[in-house]
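Residue numbering for the sequence shown is 17 to 237, as defined by the working numbering. Backbone N, C-alpha and C fix where the C-beta goes; we use that ideal spot for every residue, glycine too. Everything numeric in this text was worked out from a predicted model, so none of it was measured.
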Amino acid sequence: MKITILSLFPEMINPIFNASILKRALEKELIEFEIINFRDFSTNKHKTVDDTPYGGGSGMVLSVEPIYFALESINTKSHKILLTPQGSTFNQKKAKDLVEFDHLVFICGHYEGFDERVREFVDEELSLGDFVMTGGEIAAIAMVDAIVRLIPGVLGSKESYENDSFFNDYLDFPQYTKPRDFMGHKVPDVLVSGDHEKIAKWRKEMQEKKTLERRPDLLKK
Ligand SMILES: C[S@@+](CC[C@H](N)C(=O)[O-])C[C@H]1O[C@@H](n2cnc3c(N)ncnc32)[C@H](O)[C@@H]1O
Numbered sequence: 017m018k019i020t021i022l023s024l025f026p027e028m029i030n031p032i033f034n035a036s037i038l039k040r041a042l043e044k045e046l047i048e049f050e051i052i053n054f055r056d057f058s059t060n061k062h063k064t065v066d067d068t069p070y071g072g073g074s075g076m077v078l079s080v081e082p083i084y085f086a087l088e089s090i091n092t093k094s095h096k097i098l099l100t101p102q103g104s105t106f107n108q109k110k111a112k113d114l115v116e117f118d119h120l121v122f123i124c125g126h127y128e129g130f131d132e133r134v135r136e137f138v139d140e141e142l143s144l145g146d147f148v149m150t151g152g153e154i155a156a157i158a159m160v161d162a163i164v165r166l167i168p169g170v171l172g173s174k175e176s177y178e179n180d181s182f183f184n185d186y187l188d189f190p191q192y193t194k195p196r197d198f199m200g201h202k203v204p205d206v207l208v209s210g211d212h213e214k215i216a217k218w219r220k221e222m223q224e225k226k227t228l229e230r231r232p233d234l235l236k237k
């Protein structure tokens with residue numbers, strides 16, 4: 017999969033591809049990654065990418081031109097995502113849908129956001145949640161991370177993500193590691209019983225219980 021991020025602040029994004037699982041995915045050539053600074057596509061000599069809003073008001077609005085020309089410069093078939101708090105909320109199901117594309121493009125806004133006409137040149141609009149950040153970079157990073165870990169070969173095994181919260185509308189089951197007894201807080205006996213059938217049954221029950229207690233809305237779906 018190829019990932020392109022359009023951003024005015026590449027330095028915010030680069031570090032996440034230099035560590036941990038995303039770094040390994042790059043090294044294994046499971047993903048390709050590029051950042052396009054759409055300031056390079058500014059149509060004026062001062063290289064500005066924003067201007068004051070028509071109708072008045074505070075702040076600066078990102079112009080349509082540099083973003084349009086930056087998108088035009090991408091000559092492979094791609095799925096273009098505008099990052100905006102006004103988009104539909106990103107979730108695990110959306111991550112599963114997006115992992116099917118060969119090339120994803122994320123467009124990060126800043127300042128007061130985009131000239132409304134940018135919306136006409138994208139395939140969808142996504143939000144990280146009902147809150148407003150200063151820019152789209154953190155949203156892009158979060159979404160890319162959630163998508164990339166679903167690419168076959170990025171994690172050790174499919175089970176690593178198939179049991180995760182939200183994969184099948186359940187939260188994950190409780191996990192424990194050594195020590196078996198931490199100041200009287202003990203690991204459930206079933207997990208050290210060696211009986212794999214019993215362990216699987218317990219984990220399924222715990223997933224249902226946890227989900228019912230914490231996120232009954234997921235089960236209603
Ligand atoms: C300060 S915000 C602009 C918000 C805009 N005035 C509004 O209320 O819809 C600047 C940029 O940050 C990004 N952004 C902020 N919050 C976001 C969120 N919840 N999800 C995705 N992107 C977000 C978007 O790219 C946005 O264009």
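Original post:
Within 10 angstroms of its Cβ, does G152 collect 16 or more other Cβ (buried), or is it exposed?
Top reply: Classification of G152: buried, given that the 10 Å Cβ count is 16 or more.
**OP:** Find the nearest neighbour of P232 within the set V80, K220 and Y186, judged by alpha-carbon distance.
**Re:** That would be Y186, whose Cα lies nearest to the Cα of P232.
Original post:
With burial defined as no fewer than 16 other Cβ atoms inside 10 Å of the residue's Cβ, what is the status of M199: buried or exposed?
Top reply: It is exposed - the Cβ of M199 has fewer than 16 other Cβ atoms within 10 Å.
Original post:
So, is L235 buried or exposed, given that buried needs 16 or more other C-beta atoms within 10 angstroms?
Top reply: Only exposed fits L235, as fewer than 16 other CB atoms lie within 10 angstroms of its CB.
Original post:
For I10 versus I123, is the C-beta distance shorter than 8 Å?
Top reply: The chain is shown from 17 up to 237; residue 10 falls before or after that span and cannot be answered.
Original post:
Between the Cα of V203 and the Cα atoms of G210, D211 and Q191, which residue gives the shortest distance?
Top reply: If you compare the alpha carbons of G210, D211 and Q191 with that of V203, the shortest gap goes to Q191.
Original post:
Which residue comes first and which comes last in the alpha helix (DSSP H) that contains I157?
Top reply: Unbroken alpha helix (DSSP H) run through I157: E153 to V164.
Original post:
Based on the DSSP secondary-structure assignment, which residues constitute the bridge partners of D185?
Top reply: None, per the DSSP bridge assignment.
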